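The opening residue of the sequence shown carries number 6 in our numbering; numbering runs sequentially from there.
This report refers to the structure that appears directly beneath it.
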Amino acid sequence: MPDHDTLTALLRDWAVVRGDQEAVVFATDPTDAAGDQCLTYAELDRTARRVAALLQLHADLGDRVLLLNEPGLGFVAAFFGCVYAGMIAVPAPPPGGHRSHQARLAGIARDAGVKVALSERTGLDAVQEWADDAGLKTMTCLAVDGALPPAEQWAGPGTTTSETLVFLQYTSGSTGDPKGVVVDHGNIREHTEVFRRMTRATSRTRFGGWLPTFHDFGLIGLLLFPLSLGATTVLMSPLAFVKRPYAWLRLLDRRRVNFTGGPNFAFDLCVRAVTEAQAAGLDLSSVTHVLNGSEPIRAETQQAFIERFAPHGLDPAAMLPAYGLAEATLAVTCTDPQRGMVATHVDALQLALGLFVPARPAASTEEHTRLLVSSGPARDEVVVVDPVKGEILPDGQIGEIWVRGPQVTRGYWNRPDATKAVFGTTGDQGGDYLRTGDLGTIHEGQFYVTGRIKEVLIVHGQNLYPQDLEATVRAAHPALARGVGAAFTVPTPDEQIVIVQECRAHALEDMTPSGLAAQIRSAIRRDFGVAVGGVVLVRPSQVRRTTSGKIQRGLTRDLFTKDELRALHEELTPAVRSRYRGSAT
6 MPDHDTLTAL LRDWAVVRGD QEAVVFATDP TDAAGDQCLT YAELDRTARR VAALLQLHAD
66 LGDRVLLLNE PGLGFVAAFF GCVYAGMIAV PAPPPGGHRS HQARLAGIAR DAGVKVALSE
126 RTGLDAVQEW ADDAGLKTMT CLAVDGALPP AEQWAGPGTT TSETLVFLQY TSGSTGDPKG
186 VVVDHGNIRE HTEVFRRMTR ATSRTRFGGW LPTFHDFGLI GLLLFPLSLG ATTVLMSPLA
246 FVKRPYAWLR LLDRRRVNFT GGPNFAFDLC VRAVTEAQAA GLDLSSVTHV LNGSEPIRAE
306 TQQAFIERFA PHGLDPAAML PAYGLAEATL AVTCTDPQRG MVATHVDALQ LALGLFVPAR
366 PAASTEEHTR LLVSSGPARD EVVVVDPVKG EILPDGQIGE IWVRGPQVTR GYWNRPDATK
426 AVFGTTGDQG GDYLRTGDLG TIHEGQFYVT GRIKEVLIVH GQNLYPQDLE ATVRAAHPAL
486 ARGVGAAFTV PTPDEQIVIV QECRAHALED MTPSGLAAQI RSAIRRDFGV AVGGVVLVRP
546 SQVRRTTSGK IQRGLTRDLF TKDELRALHE ELTPAVRSRY RGSAT
């Protein structure tokens, strides 16, 4: 790989030495090659110069550009047009959907001080209407597939160094207001080198998948990382995956993809939704890297995916749990492809006390054990720390995960207080660390993520992880298996657990809603030894999620406390009902 300080210089070099090679392919129909659209490295360079020339007519070096493109090559043109113009890209999902999304998008535009918004011609009117409604009168809206200046009018990116900003990655907002993570050319270069060593990917590795390019997993993992290597990446629409999960697997087969990935829910969805007839025609033998990240990873999900698709060529060793976050550009740790997934049974009661104690697999449901998946080998740049004292903890003790190194970004856009709180903490070993807010430990050289500080539920002295409670609820009855749930606590004044769970009424069969609520309470008490203060059954799509699929527990909690959930059935203890519904009966 050529040694360049900036993404611009690297891509210009690839345009010369790999000009005719496919850089980015977008599969409009993942199951049919007839719908594939392609940009070679030479075409990508030329398109980026044309979009950059357009931007330079409307904005200046360092201005922020909001990318509101639909999935496709338009986003690729818009992003690299910003890079070539020396402007800062702000990827975001296009306007539409819930009011909360519209408001969040407007908040991003204002926070970033956006000068220009880019879209396609088909979406330009909707973008302009949204901008007008949001009061963004000074923002210019342009189409990347309209009339563009010739590439020769490109004025260059200005003085660009490793410290020049490339884009702002706004966090998903699942645990707070979205903040723009500042990513520069140096971060991308360093991350590429770290990720290359972890995954052993090369220019010959074929990448592909459905992850949204306005999120870090898709933008870095499936676009910037492969292009930095000089590889080919094949993208498809996230909506195509959600509507038909088989389409993702068919794309991997059809394009002989090696490297792909997704969050935990994607693997669950494939296991449930891909039919036997669809699976029968799949050949997944080309796949060598299937990363699982961006939300809590469940060993049961990994195993179910392997059992379902190993008969169709999937190598179990290809399943690679990973850990990362936007503040570290993307990947922090990743399972070694030459070793494969590592998992350990631990004592759940000791885990609640902050200790990682290996245990034998549970022989019955009365024994409290959890199977935790490693997110890869421990690294010197990652430490586990007592979040109060700032002291590095010994292996086997659970603490906050701190990360350092050149791939760690410099902070949040125009948020000095938040930047100071999260970045730049001095650790025992010296140097500045990023405080991730995530909990984890190191055991036998492997790195395990156990939860998130802000989401840990403390009930009667126990530390409970909401994702564990939610998994128990889904397993309590078939009517709950495919629904999304949110577990959280509310003060009464003592903390009480509330479960909000989507339920498919047609799957209840002979079970009454009251009986289902009782089954949920029983399952939680059995697995965790705690009582539930409230069970709220709602229709599908009522539990809020971010655009990347993360459960918005805080927002769901707010809707519960304000009595704004449209409940199919609600059962609350007298204390919870009195506090939040105004009556104990």
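Note that the Cβ used here is the ideal one computed from N, Cα and C, for glycine as well.
Bear in mind the structure is a predicted one, so any value in this text is a computation, not a measurement.
Sequence-distant residues of its chain with Cβ nearer than 6 angstroms to residue i (five each side left out)
| i | result |
| --- | --- |
| T180 | Only weak support exists for where T180 lies, its pLDDT of 40 falling under 50; the value from the coordinates is given anyway. The residues are K459. |
| F272 | T306 and F310 |
| P231 | F212 and T238 |
| Q283 | Y251 |
| W253 | W215 and F246 |
| A122 | L71, L73, V132, M144 and C146 |
| S299 | F222 and P268 |
| G151 | R126 |
| E413 | Per the sequence shown, residue 413 should be read as Val rather than Glu. Taken in chain order, the residues that qualify are A333 and L439. |
| R526 | V537 |
Counted within 10 angstroms of its Cβ, other Cβ atoms place residue i as buried (16 or more) or exposed
| i | result |
| --- | --- |
| D25 | exposed |
| L444 | buried |
| K248 | exposed |
| K394 | exposed |
| A528 | buried |
| T424 | buried |
| V149 | buried |
| Q451 | buried |
| Q174 | buried |
| Q472 | buried |
| H294 | buried |
| D8 | exposed |
| V22 | exposed |
| V108 | According to the sequence shown, residue 108 is Ala rather than Val. Under this definition A108 is an exposed residue. |
| H448 | buried |
| A53 | buried |
| Q343 | exposed |
| L256 | buried |
| H190 | buried |
| T340 | buried |
Beta-carbon proximity of residue i to residue j, cut-off 9 angstroms
| i | j | result |
| --- | --- | --- |
| F219 | G329 | no |
| H196 | T145 | no |
| A57 | G86 | yes |
| A28 | L49 | yes |
| Q61 | A20 | no |
| V119 | V81 | no |
| T1 | L570 | With the chain covering 6 to 590 only, the question about residue 1 has no answer from this structure. |
| P366 | L377 | no |
| S242 | P76 | yes |
| E507 | R558 | no |
| G539 | E500 | no |
| N297 | A327 | yes |
| W418 | G185 | yes |
| A486 | R277 | yes |
| A491 | R303 | no |
| A156 | R55 | yes |
| V541 | V503 | yes |
| V347 | L356 | no |
| A38 | R259 | yes |
Bridge partner(s) assigned by DSSP for residue i
| i | result |
| --- | --- |
| E27 | T45 |
| M324 | V295 |
| V188 | F172 |
| E500 | P496 |
| S379 | Y453 |
| S124 | A148 |
| T578 | The partner list for T578 (beta bridge, DSSP) is empty, contrary to what the question assumes. |
| R69 | I93 and V119 |
| H448 | Q451 |
| Y438 | T430 |
| C339 | A327 |
| I193 | None, per the DSSP bridge assignment. |
| H63 | Partner(s): none; H63 has no beta bridge. |
| W407 | V388 and R440 |
8 angstroms Cβ shell around residue i - same chain, five flanking residues per side excluded
| i | result |
| --- | --- |
| L229 | L12, I193 and T197 |
| D568 | Y585 and R586 |
| V454 | P301, I302, Y328, S380, I406, D443, L444 and G445 |
| T338 | M203, A327, Y328, G329, S380, G381, P382, A383, R384, V387 and F452 |
Close-in-space but distant-in-sequence residues of the same chain around residue i (CB under 7 angstroms, 5 per side omitted)
| i | result |
| --- | --- |
| A536 | R530 |
| Q547 | E507, L570 and R571 |
| V279 | P250, Y251 and L254 |
Counting only runs that start and end within the segment 470-498, where is the alpha helix (DSSP H) found for 4 or more residues in a row?
-> Fully enclosed alpha helix (DSSP H) runs of 4 or longer: 471-479.
At what residue ranges does the segment 198-278 contain a whole run of the alpha helix (DSSP H), taking only runs of 4 or more?
-> 221-224, 230-234, 243-248, 251-259 and 269-278, all fully within the segment 198-278.
Taking only runs of the beta strand (DSSP E) that begin and end inside the segment 489-574, which ones reach a length of at least 3 residues, in chain order?
-> Entirely contained in the segment 489-574, the beta strand (DSSP E) runs reaching 3 residues are, in chain order, 490-496, 500-507 and 537-543.
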